[in-house]
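To start, the structure under review is shown below, and the notes come after it.
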Ligand SMILES: C[S@@+](CC[C@H](N)C(=O)[O-])C[C@H]1O[C@@H](n2cnc3c(N)ncnc32)[C@H](O)[C@@H]1O
């Protein structure tokens, strides 16, 4: 409990993200990713392989931008730091373990920022900014990795709208807009874009039968991936004894060309 509070208190967080509960969510994810590291290893390996494919043949290799760097589990940080002149790790929340890892490399910088430009709208009633407004001016970016952030982008907004009694159709429309804005922003960035994302959640029983499916991209579909796999986000016994929750995940190592 103390560690959780300490993780939240020492987090570098965008003020709106903290207000909307993202610092607490990150601390929760930190604990889950440690507890489930054996179950998540294959997922992380698929992500690392996709990033390796995205780097292959890429020149020049000046700046790599990582959107949703989080706990740095999906990201081969040492490889990026050794391959690129500079590594920008963008997330609305940087916990101290991730900051400490980043601090091992002189060319890695954490940028604490909301990539949607909309969190302050919900938290404080401010006018929205364009997505990626803080980073997209940098034309030295040769590779951007959207690192399992896409399906997460609507969550804070959906929860806020739900708390404020908005109808389901409005909530669904906002979720659709946030996912769409991120995809559009990726296509406008300079350089290659590697997209890693979960696209669907499946609930399965022990026989492997799919009991329910949930779209994680608010109605958007992605181009054909170069890799796809199942990520056991909550294996049997985690959320429910007899039901496992798996995310159908994909990698598109050259999103703009796909
Ligand atoms: C599933 S995690 C990504 C995992 C991460 N790539 C890793 O290797 O640990 C999703 C991340 O998206 C971040 N995030 C969610 N909404 C965000 C936003 N609006 N702006 C920036 N980051 C956001 C969360 O803080 C979280 O770290």
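Residue numbers (our numbering): 10 to 267.
Each residue gets a CB set at the ideal place from its N, CA and C atoms; glycine is no exception.
From what residue to what residue does the beta strand (DSSP E) around residue i run?
| i | result |
| --- | --- |
| residue 72 | 72-76 |
| residue 104 | Segment: none, residue 104 is in no beta strand (DSSP E) and carries neither H nor E. |
Is any non-hydrogen atom of ligand 1 found closer than 7 Å to the C-beta of residue i, if you look at the structure I gave you?
| i | result |
| --- | --- |
| residue 237 | no |
| residue 54 | no |
| residue 102 | yes |
| residue 161 | yes |
| residue 194 | no |
| residue 83 | yes |
| residue 149 | no |
| residue 123 | yes |
| residue 110 | no |
| residue 156 | yes |
| residue 78 | yes |
| residue 35 | yes |
| residue 141 | no |
| residue 38 | yes |
| residue 255 | no |
| residue 128 | yes |
| residue 31 | yes |
For the alpha helix (DSSP H) containing residue i, name the first residue and the last one.
| i | result |
| --- | --- |
| residue 35 | 31-44 |
| residue 92 | 86-92 |
| residue 24 | 24-28 |
Who does residue i pair with in a DSSP beta bridge?
| i | result |
| --- | --- |
| residue 55 | Note: residue 55 sits in no beta bridge, so no partner. |
| residue 21 | 103 |
| residue 261 | 204 |
| residue 98 | 75 and 119 |
At what residue ranges does the stretch 182-255 contain a whole run of the beta strand (DSSP E), taking only runs of 3 or more?
-> Within the stretch 182-255, the runs of beta strand (DSSP E) at least 3 residues long that lie entirely inside it are, in chain order, 201-213, 219-224 and 236-243.
Enumerate, from N- to C-terminal direction, the unbroken beta strand (DSSP E) stretches of 3 or more residues contained entirely within the stretch 110-191.
-> For the stretch 110-191, the continuous beta strand (DSSP E) assignments of 3+ residues that do not extend past its boundaries occur at 117-121 and 150-156, in sequence order.
Contact between the stretch 256-266 and the stretch 194-214: three or more CB pairs below 8 Å?
-> The stretch 256-266, when compared against the stretch 194-214, does touch it at the 8 Å Cβ threshold.
Are there three or more Cβ pairs, one per stretch, closer than 8 Å when the stretch 115-133 is compared with the stretch 37-57?
-> Note that the stretch 115-133 does not touch the stretch 37-57; fewer than 3 beta-carbon pairs, one per stretch, sit closer than 8 Å.
Take every Cβ of the stretch 102-109, pair it with every Cβ of the stretch 78-85, and state whether three or more of those distances are shorter than 8 Å.
-> A contact exists between the stretch 102-109 and the stretch 78-85.
Is the stretch 60-75 close to the stretch 187-206, with three or more CB pairs under 8 Å?
-> Remark: three or more beta-carbon pairs, one from each stretch, lie closer than 8 Å, so the stretch 60-75 and the stretch 187-206 are flagged as touching.
Evaluate the contact criterion for the stretch 163-182 versus the stretch 35-45: three or more CB pairs, one atom per stretch, below 8 Å.
-> As far as the Cβ criterion goes, the stretch 163-182 does not touch the stretch 35-45, which means the pair count is below three.
So, do the stretch 177-197 and the stretch 146-166 have three or more beta carbon pairs nearer to each other than 8 Å?
-> Contact between the stretch 177-197 and the stretch 146-166 is present, with at least three C-beta pairs closer than 8 Å.
Between the stretch 240-248 and the stretch 221-230, do three or more beta carbon pairs fall short of 8 Å?
-> No, the stretch 240-248 does not touch the stretch 221-230.
Report yes or no: do the stretch 110-121 and the stretch 133-140 share at least 3 C-beta pairs separated by less than 8 Å?
-> Result no; under three Cβ-Cβ pairs closer than 8 Å.
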